[in-house]
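By our numbering, the letter at position 37 of the sequence shown is numbered 81, and the numbering carries on one by one without gaps. Beta carbons: idealized from backbone N, C-alpha and C, even for Gly. From a predicted model like this one, the values you see are computed outputs, not experimental measurements. Okay, structure first, notes after.
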Amino acid sequence: MTPLALHSPREHDSALLAQVAAGDRRALEELYLSYHRRLARFLSRLTPRYENVEEIINDTFMVVWQHAKDFRHASQVSTWIIGIAYRTALKSLRRQKNFMYPQGFDALPEQSTDPTGETEVQDWLAHGLRQLPLEQRLTLELAYHLGHSLEEIAAITDSPVGTVKARMFHAREKLRHYLPALGGTGPSELPVGGE
């Protein structure tokens, strides 16, 4: 058992990042492997293309490698890495000519089924999330799928907490509007507050 295995996950990540800052490639590999699955799950909700997800993850860890020595412990290592992934994903998706999802429900690509339990409701919600502007969708993903607090999301997105709260409010309002329309149970022409 390595000495790092005795620490809490936060301490372990901090120790690994310190080793990365000192040029330890094995520490970078360990950090990469410990975050890959979580980042892949988060990023796959933003882009359906596996190769985009992998590219964003690789670009994220290139930034981690290059800037580990600049980490100032103002947040958790996980918040810092997810923040890098968030900004890298935004840049990548904006560079692509058609990063926006189609606006009509009928135009949405058919979803693959997750054998571990993707339900019809989850698929329906995923379609609703795709209707949201990118920053609102990412804010909800960070909060509800990755479990980050408002303060952590603010650090990840480099936004004031008030902006994060506003994005969440508007995203929930839009989902209240979109979801009944997608399910065929309500009118889609109702105005949504703030639009």
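Q. When the Cα atoms are used, what is the spatial distance from Ile125 to Phe213?
A. So the two alpha carbons sit approximately 25 Å from each other.
Q: Identify whether Ala118 lies in helix, strand or coil by the three-state DSSP scheme.
A: Secondary structure of Ala118 (DSSP, three-state): coil.
**Q.** Enclosing alpha helix (DSSP H) for Ala199 [first to last residue]
**A.** In the DSSP assignment, Ala199 falls within the alpha helix (DSSP H) that extends over Leu194 to Thr201.
**Q.** Proximity of Thr91 and Ile101 at Cβ, strictly below 9 Å
**A.** For Thr91 and Ile101, no; Cβs fall outside 9 Å.
Q. Does the segment 121-141 come within contact of the segment 205-223, defined as at least 3 CB pairs closer than 8 Å?
A. When Cβ pairs closer than 8 Å are counted between the two stretches, the segment 121-141 is seen not to touch the segment 205-223, the count staying below three.
Q: Give me the Cα-Cα distance between Val107 and Asp167, rounded to the nearest whole angstrom.
A: Val107 and Asp167 have their C-alpha atoms some 33 Å from each other.
Q: For Glu162, I'd like the list of residues in its chain whose CB is within less than 6 Å of its CB, leaving aside the five on either flank, ordered along the chain.
A: Its pLDDT being 49, under 50, Glu162 is placed unreliably in this model, and the coordinates cannot settle the point.
(Q) Quick check on the burial criterion: 16 or more other C-beta atoms within 10 angstroms. Buried or exposed for Tyr94? (A) Classification for Tyr94: exposed.
Q: Kindly give me the distance between the Cβ atoms of Leu61 and Leu75, rounded to whole angstroms, as I take these residues to be in contact under 8 Å.
A: With a Cβ gap of about 7 Å, Leu61 and Leu75 count as contacting.
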